[in-house]
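Beneath this line is the structure, given in structure tokens, with notes to follow.
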Ligand SMILES: Nc1ncnc2c1ncn2[C@@H]1O[C@H](COP(=O)(O)OP(=O)(O)O)[C@@H](O)[C@H]1O
Ligand SMILES: Nc1ncnc2c1ncn2[C@@H]1O[C@H](COP(=O)(O)OP(=O)(O)O)[C@@H](O)[C@H]1O
Ligand SMILES: [Mg+2]
Ligand SMILES: [Mg+2]
């Protein structure tokens, strides 16, 4: 069937902020969908609250709504845009759930909007676990025994029947939120009730456990002509019991016979047909009993997913793009395979390499959280590696993870016997290295398999690596070339990195690299082509390996290489992928060949049609240099991928790689605290008094000199790791201890903590002579809460013109001093009209996409052009526009995934994602940002206030307003007294434990709609308020910890009361940006002439 | 021990031996399946061919007693990137290397199989040789070039059964099975027989040269023309026999069976550049318009134009290269496909063809 011509305007729902279980993969799928549909001539309307995404770039859709993804708001957008159809399968669970509600409450019918790419009944059948299971049984497939419970009593009855261990799974949640494995009766009650809470429809499934079985996934597609193809099979290294998102996974399936695989294939086809997914992709998960092959169906996701993104990158088959085309009527055989150009999409990709995905965790940021992996996803990112063997891929993947390991290297654990067995059977993030340890101390493969339930095939491969390592001659570096050549060849076929070999040979990475290359062993590149070389491939999507033939060919065009950000982690995520993609688009405009290097399968940057060439490789010195040797680029951009490429800058530079933009020396001057201090003093600017302590006594000395509170942090550690605000000497000593451990005994940095200061984030771009401010963002929370975690507003709404001018001046002179070429980000703290410089990052920052979207100026593109030598003067689009509206960025925190973790914000970043609220009115912009972040500000109800002494006065006025708005006020003892004595009628709530009902009871009983709890500094008052915070998170009640936050919330609630939300596309807020300026057009022409 | 792959055009790859020692010539071809190496090894259609698997990790699930397509390994040689020494699957009873050694099959591992595949794709399938030990690669190239090759050679004769036999016959079959089928064994895959049996057929498997007259005397409900190796044009006796059967009994052919049927109908066949060998080929059923993902294994192919002068119509088409994948002559109760509906290995999308054969027999019963 050809394209439908009864629809013209299509609404795509994005997935919103990056949260655990829903990350960039949906930016990738959404971006592909936008492109594909526009290509087909449809008018595309997009809604996504996440400003960091590539899909919300104003050029991707015809109209882009950066608005909260709630049924209420999306209805407003529908009413305004009147789309003919809505495509809900690209935005993960968020997109799907929103569309479901719009269908259920009749909105789609009312505005006659067709649901394409998914059918309501089909989604219900797939998403409702019990209905799904019944359907499976109906078509003769096996499922784990289970039953549904809607309350605790039912739950108990079922548990008794099924027995322990068992699995609890709430319906309609993502990433397994609220689910878990219950080993013992004693844990059952707690986990069951939490599960019931998490489910949108208070429904949990209690299920027979098949922990330890092999877990598989099939990515399947179906078109309207009922053609069904399998795109990719995935085998989990970690067996059932570890969420696929947290599992190391491998493609294709390794240990299934064709008979077993075909049975799974037939089952998948039967499932997608019976469930009734008429067009598009689905992901189906299976568990297989290794002892006898019994296969049970676990679940189906009737939409594109994390796994489908992985499958697309693993095979070169763009599932989301084709799903979008199927949704508008095409059949698979009508779509061409972009890679081969001649063959149709109605085939099954076959691959001639092994792909591995390894998840990335950040438990170090949530010390109180349980580090055991289970059926609820906890990882924040992932890396993918491609090799010709599993061994090669595994080692590549482990070094691509950027956790300080350069492969499957030996890291001793102090573990034996029972202790070791527990760590093998109860998996944590580092289990793979525990296995390495077990192999090292001689535990048998069989035993390791018994404890881990991991398939022996994987463990045997790992053992091969360990055995090979034992044979490495200590004198390798001094052996004759011929012998070296043999050795390096085998080592490389086993995936050993130069750095790893260097450790083993007690040498340096650079030395090994040299010796290897002298011995004539260097990387070759092979193509990812969907067909195992059966047809010629036209898309330059490469991976490295060590074999005879090199398929990569260098063109004679001017070329620039962009280093991506690698796996997502807290502090480095999609914002940097946005910048890298923008850089790539900019280079294309200027006629350069763009070469992308990245290892994160979720991203748009690793889509083979984002850049001219894609190298899917780990971001390590070795892997990057190999590409440099292959491509000999004219420039390398290290500024856009976050800290990852920045950390490689020095080594690459010393190895002669042509880094463009701000010089490596300047990067270091900004990074090194000592040099930084000198620079600030030299420029006569202000920074918090500080000192470096190497002993506790130093620390105390410094603290006494500059006075408490102080900020303690280890040097050379990022994302504010182990950073603490300290109010007294007792705390100081403990924190210095921790800092010294984390910082491996390097000096500890002690800064004067500027209390109650306003923090400001500034992004600027400079061409070496001129500097333009991109945006000045005023944080809502005071300094002390990591810039990545605090909300901020653009333009600043409380700063005086003098302060703003001072900020401009300071920024300009720092940019000049560092002769920045490209982007620059500075964080300031403003206190009593003094502007303190907190930090200078001469690179793309987390806020660049936010500023670009809010203002409609493509700053990352501009910066990339500047780095190639274009002057700001030649880029008319490079102006910081005046805004007659407000954009508020709010961060999204993962606490609900880490029960037990303290939700108090501080100088260490903990958020995983962000949203933007935009409106003419500040209050509404803020309210939108809260709504989008899931802290829905109440329109009515009860507000709980508990504010530290020093600030109680400031709360009175707010409290008055709130009760005027008709809210009931209740407060903790002290706060309550102050309020009452000032004529605010407030109900007193006893301290926890000092009488019932206390605040926790009220929260549990859902009697509170908003909590404002401004705790004093110092450990005590913070620990006291911890239970309140945790209870609030569990119950999903908006929780505010700062006066500034409270202030903003109140203006939000006021505006809401007055006007309520209205929606507007960013194209309307800012005149269409991003059109190539005349001058860069000319540039393009002239350069074209030069090189073609 | 060292091992080599040498091609007639002088290309040489070196790796290590992981099967039997010695040397073996054949036509070097590649198969793109991710699974099913055991079925491939035992498929008689691969006789006289040296097969390289494009998937680098082969042998992961070992060798088991059931997934065989004939009673022995049929390939002349095997080439892989990495052969697994520690298979993992509850069905596995042996490792791939042991299986190959035991069956005296030369296998070379550690080869850049992608480079080899790309070479074959560009220049076409080549005569080649696999050899172990310290041999002179140049000599190997000569030997490869000296080999007769496949074109014009009757290889069916080497793989067909010696005399007729009933497939997995139990005493009751004669009375219980609703259908009686005579199956020409040009190198027949066991799974074809297994499926026919499951569908209620009593099957007499006869040698490739079995006279048509004797087949007709058997009064079977239908005759099956099997898959098989090599150049169809060289199997003249089979073509003659099929001519005599045409119109007298329902005929169903697979792979070589389709080529022989076409030749019998007056069509022509030709050699493809490097053939179709894999589990992922899209074939369009021109009657229903639906796409089947098919198992393929053929180096020769029916010339579409040559059919226009015959009574045959094309029923299936390959969507990758639009070659002929199926034909039918309704008035002669004959039809065939170029690909492998019996799968083993591969997808089960095309099983309906066997039912089609059954209903054809029912009608003419
Ligand atoms: N019955 C079970 N026994 C053991 N582990 C299970 C069972 N069901 C699911 N799991 C594990 O939990 C993970 C998440 O379950 P899944 O149904 O995929 O939910 P989600 O929607 O979060 O992906 C699976 O990847 C699997 O490892
Ligand atoms: N001297 C200080 N006074 C008050 N707050 C500070 C001070 N130094 C840092 N902070 C707070 O700590 C956060 C993280 O510090 P920063 O130097 O930006 O580390 P990172 O490299 O993690 O961004 C800042 O965003 C700011 O809120
Ligand atoms: Mg799942
Ligand atoms: Mg910072």
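Protein chains in written order, with the working numbering: chain A, 1 to 1092; chain B, 10001 to 10365. Heads up, the beta-carbon is just placed ideally off N, CA and C, and yes, glycines get one too. On a predicted model such as this, the values are computed, not experimentally measured, just so you know.
Would you say the beta carbon of residue i comes nearer than 7 Å to a heavy atom of ligand 1?
| i | result |
| --- | --- |
| residue 285/A | yes |
| residue 10207/B | no |
| residue 208/A | yes |
| residue 1028/A | no |
| residue 817/A | no |
| residue 211/A | yes |
Buried or exposed, going by whether 16 or more other CB atoms sit within 10 Å of the CB of residue i?
| i | result |
| --- | --- |
| residue 809/A | exposed |
| residue 563/A | buried |
| residue 1091/A | Residue placement at residue 1091/A is poorly supported in this model, since its pLDDT is 48, which falls under 50; the coordinates still yield a value, given next. Its Cβ having fewer than 16 others within 10 Å, residue 1091/A is exposed. |
| residue 137/A | exposed |
| residue 10001/B | exposed |
| residue 981/A | exposed |
| residue 10215/B | buried |
| residue 10168/B | exposed |
Check each candidate in the options and name the one with the smallest Cα separation from residue i.
| i | options | result |
| --- | --- | --- |
| residue 10222/B | 10097/B, 10250/B and 10011/B | 10250/B |
| residue 554/A | 121/A, 629/A and 194/A | 629/A |
| residue 682/A | 813/A, 743/A and 366/A | 813/A |
| residue 568/A | 151/A, 6/A, 21/A and 15/A | 21/A |
| residue 345/A | 294/A, 514/A, 352/A and 336/A | 336/A |
| residue 10034/B | 532/A, 316/A and 714/A | 532/A |
| residue 10057/B | 69/A, 250/A and 16/A | 250/A |
| residue 523/A | 552/A, 971/A and 652/A | 552/A |
| residue 10082/B | 10291/B, 10055/B and 10156/B | 10055/B |
Do residue i and residue j have their C-beta atoms within less than 8 Å of each other?
| i | j | result |
| --- | --- | --- |
| residue 10336/B | residue 10257/B | yes |
| residue 10183/B | residue 10199/B | no |
| residue 806/A | residue 923/A | no |
| residue 10288/B | residue 10339/B | no |
| residue 10265/B | residue 10311/B | yes |
| residue 10228/B | residue 10045/B | yes |
| residue 10373/B | residue 10007/B | Here chain B comprises residues numbered 10001 to 10365, so residue 10373/B is not present and cannot be evaluated. |
| residue 230/A | residue 307/A | no |
| residue 10075/B | residue 10053/B | no |
If you measure from the CB of residue i, is any heavy atom of ligand 2 nearer than 7 Å?
| i | result |
| --- | --- |
| residue 787/A | yes |
| residue 752/A | yes |
| residue 707/A | no |
| residue 823/A | no |
| residue 909/A | yes |
| residue 58/A | no |
Could you check if residue i belongs to the surroundings of ligand 3, using beta carbon to heavy atom distance under 7 Å?
| i | result |
| --- | --- |
| residue 299/A | yes |
| residue 10148/B | no |
Kindly examine ligand 6 and report whether one of its heavy atoms sits closer than 7 Å to the Cβ of residue i.
| i | result |
| --- | --- |
| residue 244/A | Ligands present in the displayed structure are limited to ligand 1, ligand 2, ligand 3 and ligand 4, and ligand 6 is not among them. |
*Which runs of the beta strand (DSSP E) spanning at least 3 residues fall entirely within the region 10203-10244 of chain B, listed in chain order?*
10222-10225
*Ordered list of beta strand (DSSP E) runs contained in the region 581-639 of chain A, each at least 3 residues*: 593-598, 613-616 and 635-637
_Contiguous alpha helix (DSSP H) assignments of at least 4 residues, all confined to the region 967-1013 of chain A_ = 973-981 and 999-1004
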